[in-house]
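Okay, structure first, notes after.
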Amino acid sequence: MRLRSATIALTAACVLAAVPGCGGGAGPAAAVPATSASGVVSGFMDAVADSNLTKMATLWGTARGPAARTRQPSDFEKRVVVMQAYLRSEGHRIVSDNPDGSDARHVVQVEIRRPLCTHLVPFTVIKLPDQSWLVNSIDLAAAGSPARPCPDAQRTDSPTPR
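Okay, so the sequence shown: first residue is 7 according to my numbering, each after it adds one.
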């Protein structure tokens with residue numbers, strides 16, 4: 007009877023180890039380094055849409071590397087949350103990708119769509135020595151306030167003036 011119990015326990019342990027999402031996993035997959043300026047912005051915006059703050063921190067940083075690895079700036083986790091709040095949208099598309107003074111620095115313009123408006127948001131991206139790209143800065147003011155993302159749009163839920 008003991009042999010049978012041990013066999014059942016071992017089989018159950020093997021099945022649980024083989025089933026994804028049953029704990030003991032490696033955690034979220036690491037972001038693959040982007041090989042283009044547009045690619046890093048697209049990956050960053052996909053992470054915004056997925057609320058994947060870890061991936062955002064892996065794709066944003068300085069010439070020293072991703073914020074997730076360098077842990078800089080010291081408040082990088084708060085900054086990532088703020089960026090996610092400002093950039094949340096119904097969708098996005100990359101409008102342009104142009105060098106900004108050198109081939110290792112580009113400005114990528116992203117159109118973000120909201121229910122009543124669109125915003126054009128410039129991202130500055132940099133190429134690292136390993137040839138991967140990082141988002142370095144974002145003009146969040148161009149994205150509109152998270153509390154009032156479309157200030158000039160007419161509200162559709164209020165009566166129209168006579």
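The beta-carbon is built from N, C-alpha and C at its ideal position, and this holds for glycine as well.
Can you tell me whether DSSP reads Thr124 as helix, strand or coil? The residue given as residue 124 occupies position 118 in the sequence shown. Looking at Thr124 - three-state DSSP - the assignment turns out to be strand.
Quiz item: Shortest alpha-carbon distance to Gly107 belongs to which of Leu140, Thr130, Pro155?
Solution: Taking the first residue of the sequence shown as position 1, residue 107 is located at position 101. Nearest C-alpha to Gly107: Thr130.
Element boundaries [alpha helix (DSSP H), containing Ser95]
Taking the first residue of the sequence shown as position 1, residue 95 is located at position 89. It is not in any alpha helix (DSSP H) - Ser95 carries neither H nor E in the DSSP assignment.
### Assumed close pair Ala40, Leu59 - CB separation to whole angstroms, cut-off 8 Å
If you number the sequence shown from 1, residue 40 lands on position 34. If you number the sequence shown from 1, residue 59 lands on position 53. Contact doesn't hold; Cβ gap of about 17 Å is too wide.
Task: With 16 other Cβ atoms within 10 Å as the buried cut-off, status of Asp136 - done: Mapped onto the sequence shown, residue 136 falls at position 130. Label assigned to Asp136: exposed.
### Query
Is the region 47-56 in contact with the region 79-93, if contact means three or more CB pairs nearer than 8 Å?
yes
For Val101 and Asp81, what's the separation of their Cα atoms in angstroms?
For the purposes of this step, residue 101 is taken as residue 95 along the sequence shown, with counting starting at 1. For the purposes of this step, residue 81 is taken as residue 75 along the sequence shown, with counting starting at 1. The straight-line gap from Cα to Cα measures roughly 30 Å.
**OP:** On a CA-only basis, which of Asp145, Gln115, Thr76, Val86 is nearest Ala55? Give me that one, please.
**Re:** As a position in the sequence shown, residue 55 is number 49, starting the count at 1. Comparing Cα positions, the closest option is Val86.
Original post:
Can you tell me whether DSSP reads Leu146 as helix, strand or coil?
Top reply: As a working note, residue 146 is residue 140 in the sequence shown. Here Leu146 sits in helix by DSSP.
>> Ala148 and Pro128 - do their beta-carbons sit closer together than 8 Å?
In response: Locating residue 128 in the sequence shown gives position 122, where the first residue counts as 1. Locating residue 148 in the sequence shown gives position 142, where the first residue counts as 1. The answer is yes: Cβ separation under 8 Å.
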